[in-house]
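Asks: Protein sequences appear in the order of chains A and B.
Using this note's numbering, you'd call the opening residue of the first sequence number 416 and step up by one each time.
Using this note's numbering, you'd call the opening residue of the second sequence number 66 and step up by one each time.
All residues carry an ideal CB built from backbone N, CA and C; glycine is no exception.
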Amino acid sequence: MTTTLTAPPVVAGPAGTRRRDPRRFTLTGVLTYTAAGCFVLVLLGLFAALILESFATAWRGGWLPAGFTGSWFAQAWNDPAYGVSSHLLTTFEIGVSVIVISVLAGVPAAYVLARRSFPGKSLVMVLLALPILLPPLTYATQLSSLIYTIGLGSTLPGVILSNLVPALPFVILVMTPFVEQVRPDVEQAARMCGANTWHLFGRIIGPLLLPGVLAASILTLVRVFGAFELTFFVAGPQSQSLIVAVFGAAANPAGSAPPLVAAMAVCYMATSLVVFALALSFVNPTQIVSRERKS
Amino acid sequence: MATAAPARPAMAPEQATQSLGARLADRGIDRALLLLIPAVAIVGLLFVYPFVYGVLISFSPENGGAWANYRDFFTDPYQSQTIWYTVRLALPVAAASLLIALPLAYRLRRDFRGKRVITLLFLLPVTLGSVVLSEGLTTIFSPSGWVNLVLGGIGLGPVSVLYSYWGTFVAGVLGIVPLMLLLLIGFFGGIDPALEDAAATLGAGRTVRFWRVTFPLVLPGLVTTLSLALVEAFAIFPSAVLVGEPNASTHVLSIPIYEAAQQRFDYSAASADATIMVLVELLVLGLLTALRTRLYRGAASGGKG
């Protein structure tokens, strides 16, 4: 036993390098993990505090609220003025419509962009990248003004149209690597066996792309849930998504009771976390922000 | 299609178009490109056209000449200051976020147990958005909230962050660190570990390896990350209203857009303000892209073989 315990340091090199793992105890390491720790603590504390507050009878400071009640949720869910239930329904209506349109228009486009090169391709790529790169606030007003001009302001179709702008390029972005994964040989083989274009897409490429479509759809739903600015500028009271309603209640100077706002925010968090968890079972988390750089 | 095909060889003009079609196909233009049309049409109509439309209506204000909106913006200090207020908020937010995200991303570049949990944790704020973050901040940073209880307990005294510049600053950092971290982990992960190992065998210590090998390789990715973060920070909106001072220290570029569109229903002025914001954003993106092209652009992952 003794020999096996003392042997490794001798093999590993100079004494001391092994006992103090340099990765953990450098100054930069301590600073890095302290900063990250503070960040995570604030983040988790913030979510915990929101949840606690939504159950509080009143919370005027201190570690814990004076008492607990579930009545804020009942009020937030049913109240005609705040109606989380109806806003949630609206959010899903927006989300599903945006997904259907984006997938129908986006998957063929992703196919062409992944397989073909043609004059002006880089222009199309830039055109599709801009709505993702630029924050929604840069185009939300102009778009909403246009939508009001054509008479769709404050309506659900208007909100759906404005949410399409970042969603469609996003679907194309997510789908392109999935198309690249389908080898062209498969298509050529199908052609050789007599498949026409409809067969090719319906029987061969379509099914192979289905996981990608599923991933793109659920990620689009996540994004529609959180898309605040676009919906905020176009929506009316009846076509608000939940996050816009939460902002409305929080920014209301007349003062909605803080626990009520917290209850609405918790409803929003809970639903988007469910959608988010669903999304993660389909995709690698880093794909949500960036495309995987490894080929 | 089936009926058209047999007719073609019979007619001479059709032959000419056919050969034109063949020539176009050689250059990559054929019917498959039709599949692009729905997507391009939607983005064109709902993104490009509104931009043009916005610029047009910004030059036809309710009162005054064509340039009235822009003149108002730049002559009214309360409005033109928003550019300075935005820069004053966005640069420190991006810098602070980079200070937190870069060292952490560097340490998380290799696969390890729990990486997924950490990634998920940092994805939360990206997913939930700044409205919820701001709402949570009002609770924990309130005068006798948790943060002040902790700070008071260790003798650092109470801080008053809410409804000031610092409220929006904290909300901005909370939103942008995750974005940066996830992008940077991707960029660091794209660098072949063999390069660092090679430097180590040649006698480079940890510091040298970072500054002479890893850092130059990640620099283009870093610049990309920074541009995306700055673009986001220039458009901070909900947190400027909810935890900042939208009439004073956080009267950033987004606030005049919001005031013109949602409170005065003056879409002409709102479009002018949004156009100014777009120009500022494009300036930032342009500058950083120009910087990026000056950096190393070779392969960072090992070759094949």
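#1: DSSP puts alanine 471(A) in a beta bridge; with which residues?
#2: CB-CB under 6 Å to tryptophan 474(A), same chain, minus the five flanking residues each way: which ones, in chain order?
#3: Taking 8 Å as the threshold (C-beta atoms), are threonine 272(B) and phenylalanine 691(A) in contact?
#4: I'd like to know if phenylalanine 124(B) contacts chain A, where contact means its C-beta is closer than 8 Å to some C-beta of that chain.
#5: Work out the CA separation of isoleucine 575(A) and serine 195(B) for me, nearest whole Å.
#6: Near methionine 342(B), which residues of its chain fall below 8 Å by C-beta distance, leaving aside the five closest residues on each side in sequence?
#7: List, from N- to C-terminal side, the alpha helix (DSSP H) runs of 4 residues or more that fit wholly inside the stretch 169 to 215 of chain B.
#8: Which whole-angstrom value is the C-beta distance of serine 162(B) and alanine 294(B), which I expect to be below 8 Å?
#9: Are three or more beta carbon pairs between the stretch 231 to 249 of chain B and the stretch 150 to 170 of chain B nearer than 8 Å?
#10: Got a sec: which bits of the stretch 187 to 204 of chain B sit with their beta carbon under 8 Å from any beta carbon on chain A, in order along the chain?
#11: Quick one: is asparagine 578(A) buried, meaning 16 or more other Cβ sit within 10 Å of its Cβ, or exposed?
#12: Classify leucine 239(B) as helix, strand or coil using the three-state DSSP reduction.
#13: Spatial neighbours of valine 649(A) within its chain, please: CB distance less than 6 Å, with the 5 preceding and 5 following residues excluded, ordered by chain position.
#14: Let me see if you follow: with CB-CB separation under 8 Å, is alanine 259(B) close to chain A or not?
#15: Which of the residues in the stretch 301 to 334 of chain B, read from start to end, lie with their CB under 7 Å from any CB of chain A?
#16: Is the shortest distance between the beta-carbon of tyrosine 150(B) and the beta-carbons of chain A less than 8 Å?
#17: Tell me the residue span of the alpha helix (DSSP H) that contains valine 349(B).
#18: Go ahead and pull the three-state DSSP assignment for leucine 543(A).
#19: If distances are taken between C-alpha atoms only, which option among Ala678(A), Pro673(A), Ser696(A) and Val659(A) comes closest to threonine 506(A)?
#20: Given 8 Å as the limit, is there contact between the stretch 171 to 178 of chain B and the stretch 620 to 632 of chain A, that is, 3 or more CB pairs closer than that?
#21: Can you look up tryptophan 132(B) in the DSSP assignment and give me helix, strand or coil?
#22: Answer with buried or exposed for tryptophan 211(B), where buried requires no fewer than 16 other C-beta atoms within 10 angstroms of its C-beta.
#23: Interface residues of chain A around valine 158(B) at Cβ under 7 Å?
#24: Taking C-alpha atoms, which residue in Ala313(B), Phe206(B), Ala90(B) and Arg359(B) lies nearest to tyrosine 143(B)?
#25: Exposed or buried, which one is proline 437(A) when buried takes at least 16 other CB atoms within 10 Å?
#26: In chain B, which residues lie with their C-beta within 9 Å of the C-beta of valine 580(A)?
#27: Closest to phenylalanine 462(A) by CA distance: which of Ser632(A), Ala680(A) and Thr612(A) is it?
#28: Helix, strand or coil, according to DSSP, for glutamine 146(B) in the structure here?
#29: Determine the direct distance from the alpha carbon of aspartate 600(A) to that of phenylalanine 382(A), and round the result to whole angstroms.
#30: Note down, in chain order, every chain B residue with its Cβ under 8 Å from the Cβ of methionine 684(A).
#31: Can you list, in chain order, the residues of its chain with a C-beta nearer than 6 Å to that of proline 285(B)? Leave out the 5 residues immediately preceding and following it.
#32: What are the residues in the stretch 568 to 602 of chain A lying within 8 Å of chain B by C-beta distance?
#33: Quick check on isoleucine 219(B): does DSSP put it in helix, strand or coil?
#34: Mind listing the chain A neighbours of arginine 172(B)? Cutoff is C-beta to C-beta under 7 Å, in chain order.
#35: Helix, strand or coil: how does DSSP classify cysteine 682(A) here?
#36: So, with DSSP's three-state summary, where would you put leucine 583(A)?
Replies: Checking against the coordinates, here is how it stands:
#1: Phe483(A)
#2: Glu468 and Pro480
#3: no
#4: no
#5: 22 Å
#6: Phe299, Ala300, Leu318, Ser319 and Ile322.
#7: Counting only runs of 4 or more, we get 180 to 205.
#8: 6 Å
#9: yes
#10: Leu188, Leu189, Pro190, Val191, Thr192, Leu193, Gly194, Ser195, Val196, Val197, Leu198, Ser199, Glu200, Gly201, Leu202, Thr203 and Thr204
#11: buried
#12: helix
#13: Ser559, Ile562, Gly573, Val574 and Ser577
#14: no
#15: Phe302, Pro303, Val306, Leu307, Ser319, Ile322, Ala326 and Tyr332
#16: No, tyrosine 150(B) does not count as interfacial toward chain A.
#17: 332 to 358
#18: helix
#19: Val659(A)
#20: no
#21: coil
#22: The residue in question, tryptophan 211(B), is buried, as its Cβ has 16 or more Cβ neighbours within 10 Å.
#23: Near valine 158(B) there are no residues of chain A at all, since even the closest Cβ is about 13 Å away, more than 7 Å.
#24: Ala313(B)
#25: The predicted position of proline 437(A) is uncertain, since its pLDDT is 49 and thus under 50; no value can be drawn from it.
#26: Result: Ile107, Val108, Leu111, Phe112 and Pro115.
#27: Ala680(A)
#28: helix
#29: Any answer about residue 382(A) is impossible in this case: the structure gives chain A only from 416 up to 710.
#30: Leu193 and Val197
#31: Counting only Cβ-Cβ distances below 6 Å, and skipping sequence neighbours, we find Arg357 and Leu360.
#32: Leu576, Ser577, Leu579, Val580, Leu583, Pro584 and Ile587
#33: Coil, per DSSP.
#34: Thr447
#35: helix
#36: Residue state, collapsed to three classes: helix.
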